[in-house]
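As given, the protein sequences belong to chains C and F, one line each in that order. Using the UniProt record's numbering, read the first sequence as starting at 1 and increasing by one per residue. Using the UniProt record's numbering, read the second sequence as starting at 1 and increasing by one per residue. Ideal placement from N, C-alpha and C gives every residue a C-beta, glycine not left out. Let me begin by presenting the structure, written as structure tokens, before commenting on it.
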Amino acid sequence: MDFNEPAGTNPADRGTVLGKSTPRIDGPLKTSGHAPYAYERHDVAEDQLAGYPVFSAIARGRITRIDSAAAEAAPGVVAVIRSTDMDVLGKHGMNVVPHFGGDEIRHYHQAVALVVAESFEAARAASGLVRVAYDAEGHADYDLSTHRDTAMARKAEPDQDVGDFAAAFAEAPVTLDETYTTPCQTHAMMEPHASIAQWDEEGRLTVWSSTQMVNWLVEGLCSAFDLDPDQVRVDSPFIGGGFGSKLFMRADSVLAALGARATGRPVKVALPRPAIANNTTHRARTIQRIRIGADRDGRITAIAHDGLSHTQPGGDGENSTAQTPFFYAGANRLITPRLVDLHLPEAHAMRAPGEASGLMALEIAMDEMAEKLGMDPVEFRILNDTQVDPGQPDRPFSDRNFVTCLRQGADRFGWADRNTTPGGRREGMWLIGHGMAGAYRGALTMNSGALVRLRPDGTAVVETDMTDIGTGSYTIIAQTAAEMLGLGVDQVEVRLGDSRYPVSSGSGGQFGAPSSTAGVYAACVKLREEIARRLGNVDAGSLDFADGRVTASGRSTSLAEIAADGEITAEDKVAFGEFQDDVLMATFAAHFVELAVHAGTGETRVRRMLAVCDAGRILNPLSARSQVIGGMVMGLGAALMEELAIDTGRGFFANHDLAGYEVPVHADIASQEVVFLDTLDPASTPLKAKGVGELGLCGIAAAVANAHYNATGLRIRDYPLTLDKVLEELPAI
Amino acid sequence: MREFSFERAGDAGQAATLAAGDTGAKFIAGGTNLLDLMKLEIETPSRLIDVTGTGLDRIEQTDAGGLRIGAMVRNTDLAADDRIRRDYGVLTRALVAGASGQLRNMATSGGNLLQRTRCPYFYDTNMACNKRSPGAGCAALDSGGFTRPLGVIGISDHCIATHPSDMAVAMRLLDAQVETLDAAGNSRSIPLEEFYLLPGDTPERETVLEPGEIITAVTLPAPIGGHQAYHKVRDRASYAFALVSVALVRQADGSGRVALGGVAPQPWRRAAADAELPNGAGAVMARLLDGARPTAQNAFKITLAERTLAAMLAEAEGN
Ligand SMILES: Cc1cc2nc3c(=O)[nH]c(=O)nc-3n(C[C@H](O)[C@H](O)[C@H](O)COP(=O)(O)OP(=O)(O)OC[C@H]3O[C@@H](n4cnc5c(N)ncnc54)[C@H](O)[C@@H]3O)c2cc1C
Ligand code: SF4
């Protein structure tokens, strides 16, 4: 199905199942421990061996020798695979640094060998016996702040230079010029990267893995092992979180495949938690200079955002300016995303790449600007709302209800009642503050395919290589098919994550929910057409599907009767047309936060959070809420605690386990409220839906930071807002 | 994890006898620290002696009017004990500020005292660490090292790690004594003040325990009353080790005691600092942290300790 114009009314609008809060259909499997996660798939292949990697002890240089004799002789060991025994293996186009092969070390904890043994314990014990000698490269500078001069423009995004920023900024009566920094972050998903690999006699490879994008892993494995796509099968039905860390091939699948090839037996490999922060990808650090000029009424006349981040040579880093060309009005704009090569581990996508970091800065800047103008920050944002691309005013937003988010949020939160004097409200030992921020996240769509089977018993099966990374894909796909075929959710079986199924959008960039359901919609439309044909070439548009039956010109037939002679299948794919480039598609939110800062110690406790979200049709309010509150928790972590600590002498992340890298725990989260506006975006997909998985994270950290300022009167522009940054300036006790 | 043998001891004497003369032997209690370290091959015992069946799991009254806490009493049970909650409130508060419910169900009094440092480089076996491999160097102290969580006082040029226990800070405040037994049947009672060694040039030696000597109990003197509080400061609300923790007993006349966690290789307390308590937090910390040698990353701990105590005193006065 070509989606070449905004959607009109269609069967998905009925809203009998879609749009209704629906518990996860895979919930019982998960809560009873029966959902098969990659590392525990003991039943898929017999005689599995365990592989345990050896990771580089240096950040940069060459391997001069790998002595594996002692490991090979250790009990239970079947094979040791050394990086130096082979050329650099191919990687996926999205990866920056190769995963294995050769003698070059490009980052700390790069995999340099794999020990394969009869048990996990034997492999791990023997991995400690592998001796690796290095020729380390001398000291490098790992501090982003010293590199601004060597910064390059980004490949992916050109600068935005509209009007005359310099002149407008110089003339503006009210201006702001501040610099903000965000640290490196790690995804810290629950399930580590894990794969089981097996080769058959014909040289075909099967990998049971944990990946967000099945097809990209197929492509990556083809590149690493010189295979054709039809020689590779990837199966990834359940994923214990990814947040971008599992978008592309990672060392686990490559090592498992190498181990299996060397031993002729299936091999499983999981990346140990302490190796994940340095071996895999992370969100890059950013340094962002923001300048805003406004007239006295608060109208923005000039805005500039310079966003610096870092990458291994060849990568993209973090574009913290992503939202700034589009979020607020202003005729004169200068947006300059910049990048430097830094030999830290590979920086890459982490949940809401770009906007998550960018809004951490921009939305503090907006708060500071509102204060300079003497305006309510909500009103300041409303005044500078835009319904068109400010740099290209003939390009409208497809559906933008940011102002409604702001107004509703302020009402519900009781924003008007807050104390507006920073540091002016104290309850005992606690300083109380309120803050808000806006959120913007682009609404990408990706072509997505699916196959629908109508079984002789009148129930349906959906197959697509779409993944459920904990987001609820199983359920919204079942809802989509149920809506389209007039079935109950329990009459739809959903099969995901297998490369034998049609290629889908996969999960990432919050495009998964809208895109994959659109693909299922397309396949269902095709199935409806086939049913229409079988009912005597009636007009498919006139069919009414309800309660397991289809009615055509007054005649009702059960789906079971229609499929009585054998399963009916229909496969299709949604292809999003170029018309989408003529509009701006995005999601919006307004976040409100109340918190308390301990006047003595500077500890921060968030008390209350509210998000009002505008993201088109909400397919399943229950799982959408779960996505948004999860994002808010992550944003709270970004605001208050999350930071990969760089050892600037050696060039690696020193706090590389979950004891050292702190994410919020239950005690950090108090009340969370989420409201979805009842909106539809016909330009986005046939279901008029957009994603929410990343929206909840965007802006929240700045809302926390602004509330922290309101509580303490101290403006921190360097995340995370740990207590050491305010201690010296807190009031006397 | 290396191969090891596993035996169960029926009483403390048998445990000490089994361990005698075997440098590869280690006692295992709750295992919440030792097993983690074995998986990473930071601890590599060849023999484990399970001491959980030694019957040392009771809390009894002592003749001196205090309590004798068996080395196997679980942290959860200790924190919940009525007598501890009533008379040694600071200990309950310190215990529940540590780890998680599940871990406290396993962790024992003896094992808690002997848990090892949380220095990130101690945990990363690629890195030089004098505590792990004496003489190897200290990666934390190298240029560019990450030292924010590490110690500011009592440290040396060879190691700046802290002792991570919360329980031990409260026990130090309460003048606890550690009771031990060796294979020859000799028992000792060691004041907690003398139990932990400072790193000096042998950071691998952390306590005065001799090889094979088993902790049988921790005794608390008679209750001292007063307002008892424990404030643990960290970057998140729970389930993290202390940046700084402050244990306080304050009597109605303003006198009292102060001990710190998160700043030193042992629970940190000085008599001269206690004496300053009537003069306020600044006066206490001037004595308690006199001679501190923080790094640029962890110098905030000095201010934090003082402000935390000041807030606690303000709250105590409010009561
Ligand atoms: C995730 C995590 C978070 C934690 N957070 C905190 C925290 O916030 N605050 C805190 O204080 N602690 C914390 N801990 C540490 C925890 O308190 C300790 O692991 C626990 O107290 C150790 O007790 P155990 O009985 O399990 O000791 P084990 O692991 O069994 O033993 C520890 C050591 O003591 C020795 N040993 C044990 N018993 C005896 C004995 N009777 N005589 C002689 N030697 C003995 C062992 O040989 C070993 O060397 C945390 C631990 C984990 C894993
Ligand atoms: S501070 Fe101590 S524990 Fe940490 S690396 Fe140095 S010697 Fe090892």
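Could you check if residue i belongs to the surroundings of ligand 2, using beta carbon to heavy atom distance under 6 Å?
i, result
"cysteine 524 (chain C)", "no"
"proline 203 (chain F)", "yes"
"asparagine 130 (chain F)", "yes"
"cysteine 184 (chain C)", "no"
"threonine 117 (chain F)", "yes"
"phenylalanine 326 (chain C)", "no"
"phenylalanine 122 (chain F)", "yes"
"isoleucine 160 (chain F)", "yes"
"alanine 140 (chain F)", "yes"
List the DSSP bridge partners of residue i.
i, result
"lysine 268 (chain C)", "C:Ala50 and C:Ile196"
"methionine 609 (chain C)", "C:Val593 and C:Gln672"
"arginine 291 (chain C)", "C:Asp177 and C:Ala304"
"lysine 232 (chain F)", "F:Ser245"
Got a sec: does ligand 1 put a non-hydrogen atom nearer than 6 Å to the Cβ of residue i?
i, result
"glutamine 102 (chain F)", "no"
"lysine 26 (chain F)", "yes"
"threonine 295 (chain F)", "no"
"leucine 243 (chain F)", "no"
"threonine 108 (chain F)", "yes"
"threonine 181 (chain C)", "no"
"serine 165 (chain F)", "yes"
"valine 503 (chain C)", "no"
"asparagine 33 (chain F)", "yes"
Using only the heavy atoms of ligand 3, determine whether one of them is closer than 6 Å to the beta carbon of residue i.
i, result
"serine 626 (chain C)", "With respect to small molecules bound, the structure shown includes ligand 1 and ligand 2 and not ligand 3."
Taking the straight line between their C-alpha atoms, what separation do you get for residue i and residue j?
i, j, result
"residue 740 (chain C)", "isoleucine 476 (chain C)", "There is simply no residue 740 (chain C) to check, as chain C begins at 1 and stops at 733 in what is shown."
"glycine 21 (chain F)", "lysine 131 (chain F)", "22 Å"
"methionine 94 (chain C)", "glycine 128 (chain C)", "32 Å"
"valine 116 (chain C)", "proline 313 (chain C)", "32 Å"
"leucine 373 (chain C)", "histidine 34 (chain C)", "57 Å"
"aspartate 149 (chain C)", "threonine 147 (chain F)", "29 Å"
"arginine 265 (chain C)", "leucine 197 (chain F)", "52 Å"
"isoleucine 335 (chain C)", "arginine 291 (chain C)", "10 Å"
"leucine 103 (chain F)", "glycine 203 (chain C)", "47 Å"
"arginine 65 (chain C)", "valine 130 (chain C)", "10 Å"
"methionine 533 (chain C)", "aspartate 544 (chain C)", "Reading off the sequence, residue 533 (chain C) comes out as arginine, not methionine. About 14 Å."
"aspartate 581 (chain C)", "serine 515 (chain C)", "16 Å"
"alanine 443 (chain C)", "valine 232 (chain C)", "31 Å"
"alanine 701 (chain C)", "proline 164 (chain F)", "30 Å"
"glutamate 157 (chain C)", "glutamate 643 (chain C)", "26 Å"
"isoleucine 239 (chain C)", "threonine 712 (chain C)", "41 Å"
"arginine 257 (chain F)", "aspartate 77 (chain F)", "25 Å"
"serine 245 (chain C)", "valine 208 (chain F)", "46 Å"
Cβ closer than 8 Å: which chain B residues qualify as neighbours of residue i?
i, result
"alanine 314 (chain F)", "The question asks about chain B, but that chain is absent: this structure's protein chains are C and F."
Identify each residue in the region 231-249 of chain F for which the Cβ-Cβ distance to at least one residue of chain C is less than 7 Å, and report them in chain order. Val233, Asp235, Arg236, Ala237, Ser238, Tyr239 and Ala240
Could you give the uninterrupted runs of the beta strand (DSSP E) lying entirely in the region 152-198 of chain C, keeping only those of 3 residues or more? 160-162 and 174-182
Residues in the region 123-138 of chain F with C-beta within 9 Å of chain C's C-beta atoms, listed in sequence order? Tyr123, Asp124, Thr125, Asn126 and Met127
Below 8 Å between beta carbons is the criterion; list the residues of the region 533-559 of chain C that meet it against any residue of chain F, in chain order. none
Which runs of the beta strand (DSSP E) at least 3 residues long sit entirely within the region 415-478 of chain C? Give them in chain order. 430-442, 448-454 and 460-464
Where in the region 665-730 of chain C do unbroken runs of the beta strand (DSSP E), each at least 3 residues long, occur, reported from the N-terminal end onward? 671-676
Within 7 Å of chain C by C-beta, residues of the region 289-302 of chain F in sequence order: Within the region 289-302 of chain F, the residues whose Cβ lies closer than 7 Å to some Cβ of chain C are Phe300, listed in chain order.
Identify each residue in the region 659-671 of chain C for which the Cβ-Cβ distance to at least one residue of chain F is less than 7 Å, and report them in chain order. Ala659, Gly660, Glu662, Pro664, Val665, Ala667 and Asp668
Using a Cβ-Cβ cutoff of 7 Å, what residues of the region 418-442 of chain C are near chain F? List them in chain order. Met429
Taking a Cβ distance cut-off of 9 Å, strictly less, list which residues of the region 143-170 of chain F are near chain C, in chain order. Ser143, Gly144, Gly145, Phe146, Arg148 and Pro149
Where the region 602-616 of chain C meets chain F: residues whose CB sits under 7 Å from a CB there: Glu603 and Arg605
What residue ranges within the region 54-120 of chain C form continuous alpha helix (DSSP H) runs of no fewer than 4 residues, ordered along the chain? 69-72
For the region 707-729 of chain C, which residues have a beta carbon sitting closer than 9 Å to at least one beta carbon of chain F? If the cut-off is 9 Å between Cβ atoms, the region 707-729 of chain C has Pro720, Thr722, Leu723, Asp724, Lys725, Leu727 and Glu728 near chain F.
Give, in chain order, every residue of the region 270-282 of chain C whose Cβ lies closer than 8 Å to some Cβ of chain F. Pro274
Report the residues of the region 630-662 of chain C with a CB closer than 8 Å to any CB of chain F, ordered along the chain. Correct list: Leu640, Met641, Ala645, Ile646, Asp647, Thr648, Gly649, Arg650, Ala654, Asn655, His656, Asp657, Ala659, Gly660 and Glu662.
Got a sec: which bits of the region 118-137 of chain C sit with their beta carbon under 8 Å from any beta carbon on chain F, in order along the chain? Glu121, Arg124, Ala125 and Gly128
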